[in-house]
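Inspection log for the structure reproduced underneath, given as structure tokens.
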Amino acid sequence: MEKIQNPKKPHIIIIPPPFQGHINPSIQLTLNLASKGFIVTFINTHSTHHHITKANNYKQYDDVFAGSGLDISYRTISDGFPLSFDRSLHREQFMVGRVHVFPAHVEEIVRELVDLEPRPTCLVADTFSTWGYDVARKYGLVFVSFWTQPALVLTLYLHLDLLKKNGHYDSKDNSNKDTIDYIPGVTSLKPRDLMSFLQETDTSKIMHWIIHKAFTDAKKADFIICNTVEELEPGPISVLKEMQPIYAIGPLFPSHFTNPAVEMNLWSESDCSRWLNNKPQGSVLYASFGSYAHSNKQDIETIANGLLLSGLSFIWVLRPGIVNSDVTEVLPNGFRENVGNRGLVVPWCKQNAVLSHSVVGGFLTHCGWNSILESIWVGVPLLCFPLVGDQITNRKMVVEDWKIGINLCDDGKLGSSNEVAQRIKLLMSGKTCYELRKNIEQVRKKLENALSGNGSSQMNFDKFVTDVKAKID
Ligand code: UDX
């Protein structure tokens, strides 16, 4: 185990969920806190550790963190399943295990860590964790709830009672089905824009249980930190601030903080730079559906044919497990031959490097929150194909509030390949494209300002550090 270097520093434990969209901002948070004088113990599950070491040439992560020169130690714990268990294929069973088995493994390591000097005084757990609050209270730790999605989505989850009362969640009363216009800080939205877990089509009992427990606990958190920006979501953030101590400290991604980059990719990255270097400016569509959501064979086929028909160049990330069969089997016959050098299909890539390449002019995305923030940062407009959870609500902000993207399909159901091709062309050139690029530049400036010296996210992060230190002293 890593030796604690300075016994006077406050010691904080960070345990991210095992999904890329949560691991990435958690690493940045770790580096930022360590840069501010915290000792951080960063804990992955054995399974995440197995995947990231396999994908990253068997890197030793304790060495990587030690190499940062910061006081960070790296530990791993079981999630209760053997390494051979396919967590993506058996998601429901995995979620049940995360609720009923995983907390015991968390407790085991926290029990061990609280015997160390300096004793940890603070636990950072994802807002969706159902164990963070209980473990923190049991071991006398300050509980920091870490929210890695938009503040709008957090506000909605924290007002489940109002949604229920108005017949928009878990209710037989369908009296007010048209508009949701009664949540403080939230401009009206349609029920179809709610996170999928709150819609009637979602029947996962375990997700409903998780949501209820996690957001009841979030209300009791000592602090909530959010990977978002005040100027991006002023309405929801001002309301959240009235409810409890909350700090918008985003966007949390590597290139914008001075600390060294640490990467934990769950899949090996294909290098796309040589292919990209040969394409004209703004001509390439980048397509990726993130690390968590599933799609189906029919939609993947429709999109593949749409890409072909569009005549445009593209990089398409089809990660293993996106559909419940081998991805090569879901591409239409002869797809790769027909596409030739015009398209590149890869299992995973360095998304930030691809997005920031000048030849990339559009992003066909599942609307994961990190992907949206990363795309805004480099001014690349979005073509939205939300699949699950917050992605449904995130789409609404991108298309209707900020006007920096368009829908791939209007009613949530993919149309024909021809329609897909039309939308791709709309995104990549012409009047719509021009408008989107103009709008995204305005939004991009908000992110840039937030991260500048006296910007809101920097100030909020400094305040959070001061407040946490005051609480644990
Ligand atoms: C999950 C949920 O799906 C999402 O709804 C929520 O908002 C955050 O957590 P995920 O599916 O992983 O996220 O999507 P996203 O939030 O976009 O995060 C994906 C991360 O993986 C990004 O940081 C992206 O840069 C990275 N990535 C993605 C790669 O590095 N390479 C790739 O090929 C694809």
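Residues 1 to 473 (UniProt numbering) are what the sequence shown spells out, left to right.
Glycine included, each C-beta is placed from N, C-alpha and C at the ideal position.
Bear in mind the structure is a predicted one, so any value in this text is a computation, not a measurement.
heavy atom of the ligand UDX below 7 Å from Q199 C-beta: Outside the cutoff, so no.
D193 versus K205, H208 and L156, residue with shortest Cα-Cα distance: Considering only alpha carbons, the answer is L156.
Nonlocal neighbours in the same chain, by C-beta distance under 8 Å from V229, ignoring five residues either side: A248, G250, P251, K446, L447, A450, S456 and S457
Pairwise C-alpha distance: V317 and K396: Cα atoms of K396 and V317: separation of roughly 23 Å, rounded to the nearest angstrom.
Rounded distance between the beta-carbons of D79 and G97, thought under 8 Å: 7 Å
Start and end residues, beta strand (DSSP E) containing R316: One detail in the question is off: residue 316 reads as Trp in this sequence, not Arg. Segment S313 to V317, the beta strand (DSSP E) holding W316.
Candidates E329, V359 and S291, of which the one nearest N277 by Cα: Sorting E329, V359 and S291 by C-alpha distance to the C-alpha of N277 places V359 at the top.
Anticipated Cβ contact below 8 Å, L344 with V378, distance rounded: In fact, because the Cβ distance is near 19 Å, the residues do not count as touching under 8 Å.
Under the three-state DSSP convention, the category R423 falls into: helix
Spatial distance of I315 from S26 (CA atoms): 27 Å
Beta-carbon contacts of P347 that lie in its chain and below 8 Å, excluding the five residues immediately before and after: Cβ neighbours of P347 beyond the five flanking positions: W267, S268, S270, V317, L318, R319, P320 and V327.
Residues that C433 bridges to, as DSSP identifies them: Note: C433 sits in no beta bridge, so no partner.
Three or more C-beta pairs below 8 Å linking the segment 33–48 and the segment 379–399: no
beta-carbon residue 552 near the ligand UDX non-hydrogen atom, thresh 7 Å: Here the chain has residues from 1 to 473 only, and residue 552 is not among them.
Among V420, S416 and T365, nearest to G405 - alpha-carbon criterion: T365
T127: CB within 7 Å of a non-hydrogen atom of the ligand UDX: no
Of the listed residues H159, K165, L113 and T130, nearest to G140 (C-alpha basis): L113
Collapsed DSSP secondary structure at Y157 in the structure displayed: helix
Nearest to D411 (by Cα), restricted to the options T121, T432 and C384: When each option's Cα is compared against that of D411, the closest is C384.
Span separating the alpha-carbon of P118 from that of H11: 7 Å
Candidates L427, I472, P386 and F128: closest to M95 by CA position: Residue F128 is the option with its Cα nearest to M95.
Stretch-stretch touch, CB-based, cutoff 8 Å, three pairs: the segment 181–201 with the segment 146–164: yes
Range covered by the alpha helix (DSSP H) that runs through F215: K205 to A218
heavy atom of the ligand UDX below 7 Å from H294 C-beta: no
Pick from L163, S325 and Q199 that is closest to D86, judged by C-alpha positions: S325
D193 beta carbon near the ligand UDX (any heavy atom closer than 7 Å): no
Through-space distance from P234 to V398, alpha-carbon basis: 15 Å
Unbroken beta strand (DSSP E) run spanning Y286, endpoints: Looking at the DSSP string, the run of the beta strand (DSSP E) that includes Y286 is V284 to S288.
Counterpart residues of L407 in DSSP-defined beta bridges: What sits at residue 407 in the sequence shown is Asn, not Leu. According to DSSP, N407 bridges with C384.
Closest Cα partner of W147 within the set N407, G21 and L232: G21
Any non-hydrogen atom of the ligand UDX within 7 Å of N370 CB: Taking the Cβ of N370 as the reference point, at least one heavy atom of the ligand UDX falls within a distance shorter than 7 Å.
C-beta atoms of V420 and I303 nearer than 8 Å: yes
Alpha helix (DSSP H) runs wholly inside the segment 6–86, at least 4 long, in chain order: 20–35, 46–55 and 61–67
Beta-carbon contacts of E374 that lie in its chain and below 7 Å, excluding the five residues immediately before and after: F253, Q351, N352 and L355
Contacts around H256, its chain only, beta-carbon distance under 6 Å, and the 5 residues preceding and following it disregarded: Because the pLDDT at H256 is just 49, under 50, the model does not fix this residue reliably, and the point stays unresolved.
For D126: DSSP bridge partner residues: F146
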